[in-house]
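The sequence shown begins at 1 in full-length UniProt numbering and counts up by one.
Glycine residues also receive a C-beta, built at the ideal position from the N, C-alpha and C atoms.
A quick note: this is a predicted structure, and the numbers were derived from the prediction, not measured.
One structure below.
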Amino acid sequence: MYPFFAKVMDRAMDQKLLLILMICGIHCVTGLYASMESSKNYYFVNESKTFAEAQRYCRENYIDLVTLEDWTDMEELLALENVMSTESAWIGLRKAEHKQWRWADPELYKDGETEYRNWGLKEPTNLGDEYCSVMDFNGKFRDTTCETGRSFICYEPDLYGQKYSKYMLVNKLKSWRDAQSYCRQYHTELVSVRNEDENRQIQQLIPAGNVTYIGLFKDAFVWSDNSTSSLRNWQSGQPDGSGDCVVHLRHSRLWDDEKCSDASPFFCYDRTVVRQILRLKVESDQNVNDPDVKAAILEEIKQKLISQGISVHANLQWKQQANGDVFQREEKMREEL
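Okay, structure coming up:
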């Protein structure tokens, strides 16, 4: 039996890639291979397997059990529901061996920034179901239950996605998950805090005596492919500890935890790789075919991709000429023509 599949295009690939590097001096041109995993394909496999068996099948035939990054991914998964022959099917989420505190927006951070914490005295208390966090009016973090209705702070990044341009205190009482959904719908995400300066800016929004939800949460579940996606779509009252692995429910369109030894159909995913050759012109009075110079230029291109948010699944490499060089002087190329 052939699996049914759906495809979702990365929104980043809708952007036209224009790279202009100005260093100084002599004109040289070259080609750049850009291999981008530009689309994600979802497959429903109508064979009943345990979670471990389903995981092995997906890894052997595709990439892994499906990971859901955002609500666009969820919509693509829902498009496969009409071919589901059972009420539930495995997705790639399962209970973690060790719960860890992490931020809701992992793509925002540079090295070392994900570890910023400003816990209050004797926090976190790690009591029972305190898997979410708040910031108080003194700028200190506390762990708390996720279901209590509270105000919360969203953020929107600047044009290049590297720094916050503004923070928004939302005076609506919502659970942590509902607050996250609100921020994703109307802004970007529940606020993450990367350093002391940002902590002070956010603290100034909180009225005296109040606490608000922030984007720090204790993750009890992990994705099979080690994705850092914080998307969760639990049915009311779930997870209830009845199992360590997660299924998507067809009728409610929500998630439930079940025993990993149960047998269910499942969703896999893979990616379509698109290869492009980009023509690049560089001005330099240096030897641009020097390995160190080439590496520096390639790193600058990667940073430009990061600033545009289109680097997640991109692999870049130089296209060598017949003589082994990467760059050729423009005057020489005109003579050859």
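How far does the alpha helix (DSSP H) with residue i in it extend, from its first residue to its last?
{"i": "Q201", "result": "196 to 203"}
{"i": "E115", "result": "From DSSP, E115 is part of no alpha helix (DSSP H); its letter is neither H nor E."}
{"i": "M74", "result": "71 to 78"}
{"i": "S142", "result": "It is Arg, not Ser, that sits at residue 142 in the sequence shown. First-last for R142: 141 to 144, but that is the beta strand (DSSP E), not the alpha helix (DSSP H)."}
{"i": "A52", "result": "51 to 61"}
Shortest alpha-carbon distance to residue i belongs to which of the options?
{"i": "D70", "options": "C154, K172, N233, Q100", "result": "N233"}
{"i": "Q203", "options": "E115, N138, V326", "result": "N138"}
{"i": "D129", "options": "N118, V83, T145", "result": "T145"}
{"i": "R117", "options": "A96, E97, K140", "result": "K140"}
{"i": "E87", "options": "W255, K99, E299", "result": "W255"}
{"i": "C183", "options": "L68, L231, I301", "result": "L231"}
{"i": "G237", "options": "H248, E147, D292, P291", "result": "E147"}
{"i": "L190", "options": "S151, Y155, C260", "result": "Y155"}
{"i": "H98", "options": "V222, L169, L78, S48", "result": "V222"}
Would you call the CB atoms of residue i and residue j closer than 7 Å?
{"i": "L65", "j": "G92", "result": "yes"}
{"i": "G209", "j": "L173", "result": "no"}
{"i": "T125", "j": "D143", "result": "yes"}
{"i": "V134", "j": "V45", "result": "no"}
{"i": "D262", "j": "N289", "result": "no"}
{"i": "G215", "j": "W103", "result": "yes"}
{"i": "M74", "j": "R250", "result": "no"}
{"i": "A52", "j": "S264", "result": "no"}
{"i": "S229", "j": "T72", "result": "no"}
{"i": "S151", "j": "N171", "result": "yes"}
{"i": "Q100", "j": "D219", "result": "yes"}
To the nearest angstrom, how far is the alpha carbon of residue i from that of residue j?
{"i": "G241", "j": "T188", "result": "31 Å"}
{"i": "L80", "j": "Q55", "result": "19 Å"}
{"i": "L205", "j": "D257", "result": "37 Å"}
{"i": "A179", "j": "Y213", "result": "8 Å"}
{"i": "C245", "j": "R194", "result": "31 Å"}
{"i": "Q321", "j": "F217", "result": "50 Å"}
{"i": "Y57", "j": "K95", "result": "20 Å"}
{"i": "W318", "j": "K40", "result": "26 Å"}
{"i": "E115", "j": "R177", "result": "22 Å"}
{"i": "S181", "j": "N226", "result": "22 Å"}
{"i": "Y62", "j": "Y269", "result": "6 Å"}
{"i": "S224", "j": "N287", "result": "45 Å"}
{"i": "N323", "j": "Y43", "result": "45 Å"}
{"i": "H27", "j": "Y131", "result": "With a pLDDT of 39 at H27, under the threshold of 50, the predicted position of this residue should be treated as unreliable, though the coordinate-derived value follows. When rounded, the distance between both Cα atoms is 57 Å."}
{"i": "I297", "j": "E60", "result": "37 Å"}
{"i": "F267", "j": "E196", "result": "42 Å"}
{"i": "K166", "j": "G243", "result": "40 Å"}
{"i": "E113", "j": "N199", "result": "13 Å"}
{"i": "P157", "j": "P106", "result": "14 Å"}
{"i": "T50", "j": "K259", "result": "9 Å"}
{"i": "K294", "j": "R271", "result": "29 Å"}
{"i": "R253", "j": "V247", "result": "10 Å"}
{"i": "N82", "j": "Q185", "result": "26 Å"}
{"i": "L78", "j": "P239", "result": "20 Å"}
{"i": "M168", "j": "P207", "result": "13 Å"}
{"i": "Q201", "j": "I153", "result": "12 Å"}
{"i": "S48", "j": "E76", "result": "22 Å"}
{"i": "K122", "j": "S175", "result": "24 Å"}
{"i": "residue 348", "j": "E300", "result": "No statement about residue 348 is possible, as the shown extent of the chain runs from 1 to 337 and does not include it."}
Determine whether the Cβ of residue i lies closer than 7 Å to any Cβ atom of chain D.
{"i": "V288", "result": "Going by chain labels, chain D is absent from the structure shown, which holds only one protein chain."}
Looking at the unbroken beta strand (DSSP E) that takes in residue i, where does it start and where does it end?
{"i": "A89", "result": "88 to 103"}
{"i": "D178", "result": "Taken as a continuous stretch (DSSP letters only), D178 belongs to no beta strand (DSSP E), being part of the alpha helix (DSSP H) at 176 to 186."}
{"i": "C154", "result": "150 to 157"}
{"i": "I214", "result": "211 to 223"}
{"i": "D136", "result": "132 to 136"}
{"i": "E258", "result": "255 to 258"}
{"i": "L249", "result": "245 to 249"}
If you measure from the CB of residue i, is any heavy atom of the ligand FAD nearer than 6 Å?
{"i": "V191", "result": "Ligands are entirely absent from the displayed structure, and the ligand FAD is therefore not among its contents."}
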